[in-house]
Each structure stands twice: as C-alpha cells, then as structure tokens.
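Enquirer: Before I ask anything, let me first share the structure, which is written out below as structure tokens.
2 protein chains.
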Amino acid sequence: MEEKKVLEELRRYRERDLKYEEGRILGSMCTKPHPISRKVLEMFLETNLGDPGLFPGTKGLEEEVIKMIGEMLHNRNPFGYIISGGTEANITALRVVKKMARERGKREVNILIPESAHFSFEKAREMMDLKYEKIPLDKRYTMDVKYLRDYIEDKGKDVDGIVAIAGSTELGTVDNIPEISKVAREYNIYIHVDGAFGGFVIPFLEERYRLEGYNYNFDFSLDNVFSITVDPHKMGLAPIPAGGILFRDISFKRYLEVEAPYLTETSQATLVGTRPGFGVAATWAIMKLLGPEGYREIVSQCMENTYYLVRRMKEYSFESVIDPVLNIVAIRDENPLDTSLKLRKMGWYLSTCRCVEALRVVMMPHITREHIDKFIEALARCKKR
Amino acid sequence: MEEKKVLEELRRYRERDLKYEEGRILGSMCTKPHPISRKVLEMFLETNLGDPGLFPGTKGLEEEVIKMIGEMLHNRNPFGYIISGGTEANITALRVVKKMARERGKREVNILIPESAHFSFEKAREMMDLKYEKIPLDKRYTMDVKYLRDYIEDKGKDVDGIVAIAGSTELGTVDNIPEISKVAREYNIYIHVDGAFGGFVIPFLEERYRLEGYNYNFDFSLDNVFSITVDPHKMGLAPIPAGGILFRDISFKRYLEVEAPYLTETSQATLVGTRPGFGVAATWAIMKLLGPEGYREIVSQCMENTYYLVRRMKEYSFESVIDPVLNIVAIRDENPLDTSLKLRKMGWYLSTCRCVEALRVVMMPHITREHIDKFIEALARCKKR
Numbered sequence: 001m002e003e004k005k006v007l008e009e010l011r012r013y014r015e016r017d018l019k020y021e022e023g024r025i026l027g028s029m030c031t032k033p034h035p036i037s038r039k040v041l042e043m044f045l046e047t048n049l050g051d052p053g054l055f056p057g058t059k060g061l062e063e064e065v066i067k068m069i070g071e072m073l074h075n076r077n078p079f080g081y082i083i084s085g086g087t088e089a090n091i092t093a094l095r096v097v098k099k100m101a102r103e104r105g106k107r108e109v110n111i112l113i114p115e116s117a118h119f120s121f122e123k124a125r126e127m128m129d130l131k132y133e134k135i136p137l138d139k140r141y142t143m144d145v146k147y148l149r150d151y152i153e154d155k156g157k158d159v160d161g162i163v164a165i166a167g168s169t170e171l172g173t174v175d176n177i178p179e180i181s182k183v184a185r186e187y188n189i190y191i192h193v194d195g196a197f198g199g200f201v202i203p204f205l206e207e208r209y210r211l212e213g214y215n216y217n218f219d220f221s222l223d224n225v226f227s228i229t230v231d232p233h234k235m236g237l238a239p240i241p242a243g244g245i246l247f248r249d250i251s252f253k254r255y256l257e258v259e260a261p262y263l264t265e266t267s268q269a270t271l272v273g274t275r276p277g278f279g280v281a282a283t284w285a286i287m288k289l290l291g292p293e294g295y296r297e298i299v300s301q302c303m304e305n306t307y308y309l310v311r312r313m314k315e316y317s318f319e320s321v322i323d324p325v326l327n328i329v330a331i332r333d334e335n336p337l338d339t340s341l342k343l344r345k346m347g348w349y350l351s352t353c354r355c356v357e358a359l360r361v362v363m364m365p366h367i368t369r370e371h372i373d374k375f376i377e378a379l380a381r382c383k384k385r
Numbered sequence: 386m387e388e389k390k391v392l393e394e395l396r397r398y399r400e401r402d403l404k405y406e407e408g409r410i411l412g413s414m415c416t417k418p419h420p421i422s423r424k425v426l427e428m429f430l431e432t433n434l435g436d437p438g439l440f441p442g443t444k445g446l447e448e449e450v451i452k453m454i455g456e457m458l459h460n461r462n463p464f465g466y467i468i469s470g471g472t473e474a475n476i477t478a479l480r481v482v483k484k485m486a487r488e489r490g491k492r493e494v495n496i497l498i499p500e501s502a503h504f505s506f507e508k509a510r511e512m513m514d515l516k517y518e519k520i521p522l523d524k525r526y527t528m529d530v531k532y533l534r535d536y537i538e539d540k541g542k543d544v545d546g547i548v549a550i551a552g553s554t555e556l557g558t559v560d561n562i563p564e565i566s567k568v569a570r571e572y573n574i575y576i577h578v579d580g581a582f583g584g585f586v587i588p589f590l591e592e593r594y595r596l597e598g599y600n601y602n603f604d605f606s607l608d609n610v611f612s613i614t615v616d617p618h619k620m621g622l623a624p625i626p627a628g629g630i631l632f633r634d635i636s637f638k639r640y641l642e643v644e645a646p647y648l649t650e651t652s653q654a655t656l657v658g659t660r661p662g663f664g665v666a667a668t669w670a671i672m673k674l675l676g677p678e679g680y681r682e683i684v685s686q687c688m689e690n691t692y693y694l695v696r697r698m699k700e701y702s703f704e705s706v707i708d709p710v711l712n713i714v715a716i717r718d719e720n721p722l723d724t725s726l727k728l729r730k731m732g733w734y735l736s737t738c739r740c741v742e743a744l745r746v747v748m749m750p751h752i753t754r755e756h757i758d759k760f761i762e763a764l765a766r767c768k769k770r
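Chains as they are written, first to last, in the working numbering: chain G, 1 to 385; chain H, 386 to 770.
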C-alpha cells in the first residue's frame, strides 16, 4: 500500500476515537499530553532505555526526572524509573516486598491492602501468589486504620507489607498514611503508596482545597514509606507511557536486579526490558517548563472545576458521595451501570464505582466548564430531573 | 524554564546518545524505526488502549495488526495484543501456563526451558515462582530435543509448559520446534514460542538463506504451539513500545482477565493497564506499507550483510561460532568481555554471549557494509591481527 493511502486509512480509524478536547472523556485518569510532548518525541523517538549504555543522554534525563519527582516527594536520594505505568510500578514495588519476605525465610507473603486498591494489585496478587488481607474502608472511604492496627497487633510478625492509596481510583480519597506509618514503624512493616493519580496532585494542592481534618501527607517524609507509584502520564500531563516508581534509596535495587548478559549493563532492574526514552524526556521537559507553579495552576483549575460540577449537581439534586478530596467527583446513583450506559449512548463516557453506588467523573485538565454544563444537562435529561 | 531553553537542553542530552545511523550499535535487537512512524505518532500520540472503549478506531487497528501477524504465523483466528515488548509478552504467556496448571490443581508449575532463553524468563520465574528445568543445548546450540523427550518420558504428567526459542538472543538459533511439537502433542503440553526476534525474520527468510537440514518452522501450524512472542519493534521496524503476544485463539483470554471496574470494558487481559496506541498504529502502517515483499527485502539485505561480515572475519582469521541461522553473528573470542570493553572505548558497542566465549553482532537494518568494514578493522586493531 502507498504511504499516502496508509495515512489516509489511519486517519479514518483515528476519527472513530474520542478526542480529549471534546470533553466527553469524563472517566479517564489520562488527558491530552502537554503540547511540548510532540517536539520532544520528534527528538527521542529512537531511544531505548532498556539498554542505557547506548543512550547515556536519555538515561541522564531519567535520573534527573527521578530526582525531581523525589524532591516533590521529600526525598533527595530516591532510586527509581519511569516505566510503562501504574500497573508496572505497583507490581515492581510488590516484587521487592516479596523478595524481602523470601529473604526473611517466609514462604507466604502477607500484604494488607485497602478495599479501594486499583485492580492492578489483583494482577500482582495472582501472578506472585501474594496473600492479601483486604482492609475495609471507614466512613470516609479510606483504609480503616483502627482495623489495620488491630489486625497487625494480632499478627504483627506475619505482615510483610502494607499498600496505601494516595488518590484512589474511585473516589480520589487519600488514606491516612501518617497514621499507617506509625503502625508500620512500630512493627517494622514496608509501606508501598499507590500515588499513581495523587502523586502529581497532592504536592500542588493549595491549602484552600484541602479538606479540614484530613491529612494529605503521603510521601517519603513518613517513616516506612519505602516506595511510591506516581504517574507522569496522569496528572503530570506526560504522554503515555510514562509511569513512575520511586524507592526510598538505592538499597532496594538489588531486590529487583536480574542478570542481563546481552546489554551494555550487566543487570536490569525494571520489569519491562526494552522501553522508550521519550516518555522520560517528555516528563523532564514538562516538569521543567511548568515548574511547581505551573502544576499548582493546573491542579487549582481542576479543583475549581470539581467544585463547579458539585455546585451544578446540587442545582439538579444530584448528590456527591463525599466532599471531593482531589479532582474526582462521585455522583450518587441508584443504578450507576445503567445510567453510565445511557450516558454513553448520549456520547458521555464516564465509569462507575464499586465501593458505593455512584458514577465517577475524573476532572482532568481537558474538561472545561462548558463541558461540565453540557454534561450536567445530559445527566438531568437522562435521569429526567 | 522557557520552552526554547528546555528544548535546547534536551538536545544537549540527546547528543550524548548513540545514533543508529552511525552504525556503532552492533549488539541491539532494536533499530531505527521506519520513517512513517513519525507521521503516525503525530496522529496517535493521545490514544490509550488501556481503555479501548474510548479509542475504538485505534482498538480496531490493534485487532487488524493481530490478524495480520497471525496470518504471517499461519493462524487465521489469533487472539493477542501489541504490548510493551518481549518481556511483557513472555510473562503474559507464562501467566496463562500458570493459571492452566492451577486449574488442573497443581501447586508447582513445571516448565522446560532451553539454556538459551532470554533473561526475561528469569523475571517471570522469580515473580511467579515457576519451576524451571533448564534443557541443555545440543551441538547446534538449540534445545536438545532428545534430552527433552527423555525428561518428559520420565515425568510427563508433571510438565506444564515448554518454552522454545525462534531466534535466540545470543546466536539467533531456532529450536527444532517441529520435533518439540511432536513430543508436546503426545503428552499434551503447552508450548510457548519466544519469537521476539525471529518472528519478523523467519517468515520472510528466502530459501537461499536457510541452512540445510535446519527446520525453521516455529509457528501456529505446529501442534501445541499455543502462544508466540513476536516483536514489531525489533525486526518489524516499529517504534518502541510495540511488542506482540499472540495466542492460538480467544479461548486463552479467560486465563488473563482481571475485573476492571473503572473502564469502558469490564475486564482487562493485558498485564500493563494504560498503554499507548501509537505503537499499534505504527505497526499497522509499516506492515501495510512494506507488505511481505518489503520485509523480504529487508531480511535479505540483513542476511547478505551477515554473510559479508562472516567473509570479512575470515580474512582476519576470526571465526564464527556457527553458520548464521538468522542475522546474528557470534565471533569466537577467548576473552569476549575484555574485547567488548576495548571495542567500546573505540566507539563500537556490541555485547557478549554466555553459552560460548564469543562477541555477538546483531545485523539490524541500520548497519551497512561501510560500517562492517570499519568495524572489522577496529576489531583487527583491537586484537592486533
């Protein structure tokens, strides 16, 4: 087939996709990447961080990105990688937890994980035969720390790791990680924080958007937080694939290393081998370009739109399940699956919660007030209010 | 930082990387992506196949790509995905083998795997607690089928899977998969073929490049070959990330599915969640543009260059470990690590074998005869011949 025809046909396929700027993607944690991404891609398309000796420049950028994200998370000496996404990041952290448990002579690896955890943890559990104890949620839909403490006091020595969430997929809640950290320190338990979504939100969340009585701290400043998932390709505005896994320091590397005889380096610690460098370079570019101030503006805009949606919902007597903690709104609905399918037929794509009967809207930067107005009218029509 | 400055700095980093067109990358299985990739990227940068309901056009392309690759591998009804690369693909296949074994009530999952297997299988083993029996190599450096058969005759019921290689990382050898298939059928054992490299070479390898007495067949035409790893981002000329995993049919999907409550679909079978669509679209474009004839030309050119290198080696009394099976040359060397480091100082990047004392050159499409001439002179200087 000729190039011209190939590109024409591709365009036809592409036209069938939704576009972020149309504002109809309301349930995704991804968004339109920052415009500089295209220029960066042009430069870095060929790079392969699976063999970093061939691409020392790009590898240097990855080290700087990890350092920058580390600083954002109060860690000046992090170790980590920019990888395919949150799933690989969470699996990577649990690979470490498993290996550490094995070195302590344990066969069974016991992990405490909140009911609100993302389904990537289910993939990890199944592959690695981890044993999960699901910790119920309290009335704020965050991990019940009292339950957690009681459980650990009961079986302290048997617990190898705790997963805590900073920005849950369903409701955007942040577990009380400062309190979890206290228990973990007392019993010497590893904490992995899944901040895939919240990692690029919470550090830039101004005081006026923080709920009273809510402790948003989730990062390496807390004892026993040894790894954090934080995805540039979610609220960091980077193109896919740019997920992030950070460990407290380089000492965790050895649990991940596998001998890599054919490369310019002798071992490989990432799960995926060959991996593109452009997500790394784009993340570097976007972080340098925006700076903390730029991210603060984006997060503030998303929070304002979040509140705007909640206000508009009230006009139509729709109820938000919780006061939004981050830029996610859960709309109470007696039959969310049915409603979401009806909305989809009307051209609005959002998804549903599991932990509560609700629709969810992730207020990503591509969603404007005009989109919100149109959506709320569609929802009202759909529910005949 | 200003955009102009950001791009300038990025350019400085990028200059430190090696470039494929300089011909000094001799040990990588990746290459300069086909030029159409940039135009495709421009169009598909924003797509996310982790949530295919939002991107039905791009998802349609993935289905077509899997069908096209399936046809190339003699399978008109394949099931599969374009994913991050060979590591994810191999892990995905072994997830299925493990799940099937568990459903048969087995706790321990026993897999026969040749000594020549890529280190991604080591990651899979460690994560999934698989039990490997390493099958030694015969004098052709392929899996010793007699050993394999004897082993299975001994412990038939205990073997849950066989991994076979079509294009080994070190020497480019192809296991005798037709013979392995016979044993596997007899004992009803799952075969996974790692054709990450060979998958886009063997189907386009003209008769005149095929070694006598060597059976190159490796695909779904053979009984019990239930999955194949085949990477467009290696000899398929696609940009990273574009790895491929194909299963014989859709019936294997259920072993991989995990409930995915927040997406437009209700389950997810890939290991990685969020994943870019542009590797898929680029693979589609390149396959349509080149067609089998285009790939045949590329493979032929790589084979001619492979033979050319072997001829030039002989002039300097360097010995090839085997007659090249595919476009990989192993150069016998009494101290390959030392030689490779010396060569690296001279600006030539190649790697070493484990199974034999040798340097290895992967004759990718970016390597020209001029590069080969310069390299062989450098090698001669390095070894003072």
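Idealized CB from N, CA, C, for every residue including glycine.
1) Could you have a look at Ala282 of chain G and say whether DSSP puts it in helix, strand or coil?
2) Evaluate Thr266 of chain G with the Cβ neighbour count: other Cβ atoms within 10 Å of its Cβ, from every protein chain shown; 16 or more gives buried, anything less gives exposed.
3) Is the separation between the beta-carbon of Pro418 of chain H and that of Glu46 of chain G shorter than 8 Å?
4) Cutting at 6 Å between CB atoms, please list the residues of its own chain near Phe318 of chain G, excluding the five before and the five after it.
5) Given a cut-off of 8 Å on the beta-carbon distance, is the pair Val450 of chain H and Ile467 of chain H in contact?
6) Could you pull the start and end residues of the alpha helix (DSSP H) that Lys484 of chain H belongs to?
7) According to the neighbour-count rule (16 or more other Cβ atoms, all chains shown, within 10 Å of its Cβ), is Leu439 of chain H buried or exposed?
8) Throw me the rounded Cβ distance for the Ile452 of chain G and Val201 of chain G pair, which I believe falls under 8 Å.
9) Counting contacts by CB-CB distance shorter than 8 Å, is Leu656 of chain H in contact with chain G?
10) Taking contact to mean at least 3 C-beta pairs separated by less than 8 Å, is the stretch 476-496 of chain H in contact with the stretch 539-553 of chain H?
11) Under 8 Å, Cβ to Cβ, is there at least one residue of chain H near Gly80 of chain G?
12) Pick from G:Tyr132, G:Pro178, G:Asp154, G:Glu122: whose alpha carbon is nearest that of Thr142 of chain G?
13) Grab me the residues of His459 of chain H's own chain with a C-beta within less than 6 Å of its C-beta, minus the 5 sequence neighbours each way, in chain order.
14) Out of G:Gly105, G:Ile165, G:Val109, G:Ile152, which one is the CA nearest neighbour of Ser116 of chain G?
15) Are any of the Cβ atoms in chain H nearer than 8 Å to that of Lys106 of chain G?
16) Does any CB atom of chain H fall closer than 8 Å to the CB of Ser37 of chain G?
17) Within 10 angstroms of its Cβ, does Asp17 of chain G collect 16 or more other Cβ (buried), or is it exposed?
18) What distance in whole Å lies between the Cβ atoms of Gly662 of chain H and Leu434 of chain H, which are believed to be in contact at a cut-off of 8 Å?
19) Where Ile580 of chain H and Arg633 of chain H are concerned, what is the direct C-alpha to C-alpha distance, given to the nearest angstrom?
20) Going by the DSSP bridge assignment, what does Ala358 of chain G pair with across the sheet?
21) What does Arg354 of chain G touch in chain H if you count any residue whose Cβ is under 8 Å from its own?
22) Rounded to the nearest angstrom, what separates Asn188 of chain G and Asn224 of chain G at their Cα positions?
23) With DSSP as the reference, identify every bridge partner of Tyr308 of chain G, one or two as the case may be.
24) Taking the beta strand (DSSP E) that Ala164 of chain G belongs to, which residues open and close that run?
25) Could you name the residues of chain G that Glu780 of chain H contacts, counting a contact when the two beta carbons are closer than 7 Å?
26) Do Ser320 of chain G and Gly27 of chain G have their CB atoms nearer than 8 Å?
27) Please state whether DSSP places Asp194 of chain G in a helix, a strand or coil.
28) Give me the Cβ distance between Pro239 of chain G and Ala285 of chain G, rounded to the nearest whole Å; I'm assuming they're in contact under 8 Å.
29) Going straight from the alpha carbon of Gly408 of chain H to that of Val578 of chain H, what length do you get?
30) Less than 7 Å between C-beta atoms, sequence neighbours within five positions excluded: which residues of the same chain meet that for Thr443 of chain H?
31) Within 8 Å of any Cβ in chain G, is that where the Cβ of Ser501 of chain H sits?
32) Check whether the Cβ of Met767 of chain H lies closer than 8 Å to any Cβ atom in chain G.
33) According to DSSP, is Met347 of chain H part of a helix, a strand, or is it coil?
34) Of the choices H:Lys404, H:Arg397, H:Glu387, H:Pro441, whose alpha-carbon is the least far from that of Leu61 of chain G?
35) Is the shortest distance between the beta-carbon of Val6 of chain G and the beta-carbons of chain H less than 8 Å?
36) Which residue's Cα is closest to the Cα of Ile498 of chain H: H:Ile761, H:Ile630, H:Ile565?
Expert: Well, looking at it:
1) helix
2) exposed
3) yes
4) Counting only Cβ-Cβ distances below 6 Å, and skipping sequence neighbours, we find Ile331.
5) yes
6) 471-488
7) buried
8) In this structure chain G extends from 1 to 385, so residue 452 of chain G is not present and cannot be described.
9) So yes, Leu656 of chain H belongs to the interface.
10) Yes: at least three Cβ pairs fall under 8 Å.
11) no
12) G:Pro178
13) Closer than 6 Å at Cβ, skipping near neighbours: Asp604, Phe605, Ser606.
14) G:Ile165
15) no
16) Chain H has a Cβ within less than 8 Å of the Cβ of Ser37 of chain G.
17) A residue is called buried when at least 16 other Cβ atoms come within 10 angstroms of its Cβ; Asp17 of chain G meets this threshold and is buried.
18) About 5 Å separates the beta carbons of Leu434 of chain H and Gly662 of chain H, which is inside the 8 Å limit, making them a contact pair.
19) For the record, residue 580 of chain H in the displayed sequence is Gly; it is not Ile. In a straight line, the C-alpha of Gly580 of chain H is about 14 Å away from that of Arg633 of chain H.
20) G:Arg332
21) Pro646
22) 7 Å
23) Partner(s): none; Tyr308 of chain G has no beta bridge.
24) 161-165
25) Outside the modelled stretch of chain H, which goes from 386 to 770, sits residue 780 of chain H, for which no answer is possible.
26) no
27) strand
28) That pair is no contact at about 11 Å.
29) 30 Å
30) For Thr443 of chain H, the CB contacts under 7 Å within the same chain, skipping 5 residues up- and downstream, are Phe429, Thr432, Leu434, Gly662, Val665, Ala666 in chain order.
31) no
32) Sequence check: residue 767 of chain H is Cys here, not Met. Output row for Cys767 of chain H: interface = no.
33) The displayed coordinates of chain H run from 386 to 770. Any statement about residue 347 of chain H would go beyond what the structure contains.
34) H:Arg397
35) yes
36) Cα-wise, what sits closest to Ile498 of chain H is H:Ile565.
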